[in-house]
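With our numbering, the residue at position 505 of the first sequence is 606, and numbering never jumps. Beta carbons are placed, not taken as given, at the ideal position from N, Cα and C, and that holds for glycine. Being a predicted model, the structure only gives us computed values, none of them experimental. Just below is one structure, and these are the notes that go with it.
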Amino acid sequence: MLKTVRRTNMCGSLRETHIGQQVILQGWAHKARDLGGVAFIDLRDRQGVVQITVDERSPQAAKDMAATVRQEFVLEIEGEVVARTKPNSRIPTGAVEVVATSVKILAGTQPLPFALGGDAQEETRLTWRFLDLRRPELQSKLIARHRAAQATRSYLDSLEFVEVETPILNRSTPEGARDYLVPSRVHPGQWYALPQSPQLFKQILMVAGMDRYFQITKCFRDEDLRSDRQPEFTQIDIEMSFPTSDTVMEVAEGVAQAMWQKVRGEDIGEVPRLTYTEAISRFGVDNPDLRFGMELSEITDVVADSESTVIQGALQDGGIAKAFAVPSGATQSRKVLDKWTEFVRRYGMGGLMWAKVGAEGWSGSAKKLFTDEEKATIQETIGAKEGDLVLIGMGQAGHVNPGLGRLRRHIGLQLDMAVPGQFAFCWITEFPAFEWDEDSKRWTSTHHPFTAPRASDIALFGTGRENEIMTDAYDLVCNGYEIAGGSIRIHDSEVQSKVFTALGIDEEEAETRFGFLLNALRHGAPPHGGIAFGFDRSVMLLTDTDNIRDVIAFPKTTKAQDLMAQAPSVVDPEQLAELHVKNTK
RNA sequence: GGAACCGUAGUUAAGUUGGUUAUAACGCCGGCCUGUCACGCCGGAGGCCGCGGGUUCGAGUCCCGUCGGUUCCGCCA
């Protein structure tokens with residue numbers, strides 16, 4: 102307890118046990134109701150709201166002052182806690198009220214730009230973030246975030262992980278996302294980059310013998326935003342020496358368990374594991390939402406000999422056919438099905454074949470495309486029964502899988518198939534090391550270039566079969582969000598060089614960009630691996646929101662602006678001159 | 001880089017096939033009110049209809065562009 106604070110209690114903490122006590126409260130006037138002879142003020146602080154009563158028991162000065170109080174004035178109230186004659190069961194403090202002996206206005210306010218309790222547009226709320234943050238819903242999310250961070254620190258500390266800070270002003274490593282750059286004043290023409298993650302530094306800390314490291318730290322990526330992506334975001338970054346992938350996954354499950362236990366009082370339970378290949382096959386995506394069924398089934402073989410030109414057209418050039426059943430989906434309207442068709446087109450699918458299973462067979466766009474035998478086999482494969490909806494997609498795997506996979510989750514959410522408050526975790530493991538990038542005509546890292554290939558696959562380098570190389574990487578997924586991802590790293594500079602070569606980065610370039618890491622790997626690097634949690638996304642799940650801005654105190658808009666601070670902004674030409682930078686626009 | 005939705009008093013919304021002075025609620029200002037908790041009652045102020053152009057006798061409404069917010073695709077090792 103602090104000895105020098107003036108207030109005696111928090112508004113939201115007062116209960117019947119406080120009756121008879123003299124208290125001093127400080128907070129905001131949530132609402133003021135002046136009835137003439139008696140006035141009520143709902144006084145709010147972080148803990149909650151309590152009713153202040155100013156009536157004939159109060160001195161005239163307090164009554165005069167109370168009459169001038171408006172919403173969101175900052176007040177100091179002295180008075181006695183008394184039982185209410187008419188309790189209010191809707192608020193926790195509703196059994197009591199404080200009869201004021203003194204009402205002091207510590208600060209007034211200009212008229213409010215929006216109603217705090219209402220549903221103002223996000224643009225307005227972001228501009229006036231300090232007012233928006235007064236809302237209990239947002240405060241509780243920030244408090245949950247704090248608790249999750251505390252739980253993480255405490256858990257990792259108990260396993261002797263050491264929190265080490267790594268640089269924010271960093272070297273640009275142009276693999277991956279676009280960097281945020283900071284010009285150097287003392288080195289004209291040279292630039293720092295803000296870290297996309299502390300990846301290289303944490304590996305070097307392992308070489309340095311720190312054994313177990315973690316950090317809750319900001320990362321920066323200058324890419325376009327989404328409802329779950331901000332240009333600066335927070336990672337729980339973890340790395341350890343001498344682990345197997347199981348060891349890292351055990352630690353990560355422990356972190357998730359600690360956060361969920363501390364914030365929600367819940368166990369995360371057994372976390373099932375799926376390989377990447379299995380996840381794509383069954384769910385179309387590598388971040389499946391396991392709160393509902395509707396698994397995808399491949400039916401390419403079933404329809405391969407179809408005489409339909411539509412189907413043959415879709416299957417040419419190695420196209421595939423996949424399907425799933427929506428339980429009781431036959432009630433969906435044509436309008437909804439058109440929307441779903443439009444939905445999958447975004448992922449490159451030509452369209453969606455659908456059929457409602459009725460007593461007299463199929464009806465809908467897929468009715469005439471299939472023979473009765475094909476229909477029966479499809480129905481049996483995906484487990485569709487009367488009253489269900491059959492959805493079928495055909496085309497290139499790279500379109501069908503994400504199209505149907507995303508549609509599956511979209512439908513699950515839209516039809517409320519997920520039980521509120523339910524969390525379905527899973528691990529996705531064994532990722533391919535490389536993906537072919539059509540634009541640049543080269544291999545790119547699925548995870549990042551420091552992920553260790555399986556020892557048995559190292560012989561495949563340089564054979565043109567790089568796509569078959571698999572890694573010891575693992576993603577932790579919850580309710581369709583990837584909340585953590587990691588891998589066992591390369592601790593051998595020879596292997597690291599092979600990976601760079603496969604990525605089209607020659608030796609000289611590798612030395613220039615990553616020389617400090619390669620050098621470290623040549624000087625006694627222990628086997629090591631780690632993982633990083635997307636902390637903001639984890640807190641989103643913990644606080645039941647799908648908007649990342651809700652869990653960040655001062656977030657940015659989708660155009661990466663801070664509407665309150667008005668960043669970014671123009672700067673003085675003198676500042677630019679000092680930095681040897683010239684604007685071209 | 002692309003697509004969709006949105007933008008009207010401080011706020012949230014309404015505004016008909018283009019047609020007098022652009023409505024309402026909350027908030028704000030003034031007055032009244034002794035048990036409210038969405039307090040109530042009376043009165044008042046408050047508008048570059050995001051911005052720019054076009055069509056028209058006439059535009060909040062139609063067209064084009066632009067800016068901003070959100071969501072999605074691309075992107076995000």
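If you follow the alpha helix (DSSP H) that Pro-284 is part of, which residue opens it and which one closes it?
Pro-284 -> not in any alpha helix (DSSP H); beta strand (DSSP E) instead, spanning 282–284.
Do the stretch 620–631 and the stretch 340–349 make contact, defined as three or more Cβ pairs closer than 8 Å?
yes
Please name the residue in Gln-122, Gln-523, Gly-430 whose C-alpha comes closest to that of Leu-642.
Gln-523
Residue burial classification, Glu-536 (beta-carbon count within 10 angstroms, cutoff 16):
exposed
DSSP-derived helix/strand/coil call for Asn-110:
coil
Extent of the continuous beta strand (DSSP E) to which Thr-318 belongs
313–321
Classification of Lys-457 by the beta-carbon crowding that lies within 10 angstroms, buried from 16 upward:
buried
Taking 8 Å as the cut-off, does the stretch 460–469 touch the stretch 392–399 (at least 3 CB pairs, one atom from each stretch)?
no
Does the distance from the CB of Arg-248 to the CB of Lys-363 come in under 7 Å?
yes
Exposure of Val-101, with buried meaning 16 or more beta-carbon neighbours within 10 Å
It is not possible to answer for residue 101, since the shown part of the chain is limited to 102 through 686.
Am I right that Thr-345 and Glu-531 are in contact with their C-beta atoms under 8 Å? What's the rounded C-beta distance?
Contact doesn't hold; Cβ gap of about 14 Å is too wide.
Where do the N-terminal and C-terminal ends of the beta strand (DSSP E) with His-119 fall, by residue?
It is not in any beta strand (DSSP E) - His-119 carries neither H nor E in the DSSP assignment.
By the three-class DSSP mapping on this structure, what secondary structure does Ala-415 have?
helix
Cα separation between Leu-470 and Arg-365?
49 Å
If I follow the unbroken alpha helix (DSSP H) through Leu-438, where does it start and stop?
435–446
Short Cβ contact (7 Å threshold) for Gln-152 with Glu-198
yes
Here's a check: name, in chain order, each residue in its chain whose Cβ is nearer than 6 Å to the Cβ of Phe-526, leaving out the five neighbours to either side.
Ile-369, Val-372, Cys-579
Which ranges does the beta strand (DSSP E) cover as unbroken runs of at least 3 residues, wholly within the stretch 525–601, from first to last along the chain?
526–530, 535–538, 543–546, 574–579, 582–589
Which of the three DSSP states is assigned to His-629 in this structure?
strand
Asn-502 classed as buried or exposed, judged by whether at least 16 other C-beta atoms fall within 10 angstroms:
buried
Buried versus exposed call for Val-170 [16 or more other C-beta atoms within 10 Å across all chains shown]
buried
How would you write the range of the alpha helix (DSSP H) that Val-308 sits in, first residue to last?
300–308
Measuring only the C-alpha atoms, how far is Gln-667 from Arg-330?
20 Å
Kindly list the residues whose CB is nearer than 8 Å to the CB of Met-665, restricted to its own chain and excluding five residues on each side of it in sequence; keep chain order.
Leu-227, Thr-228, Trp-229, Arg-230, Phe-231, Phe-655
Local Cβ density within 10 Å of Val-150, reported as buried at 16 or more and exposed below that
buried
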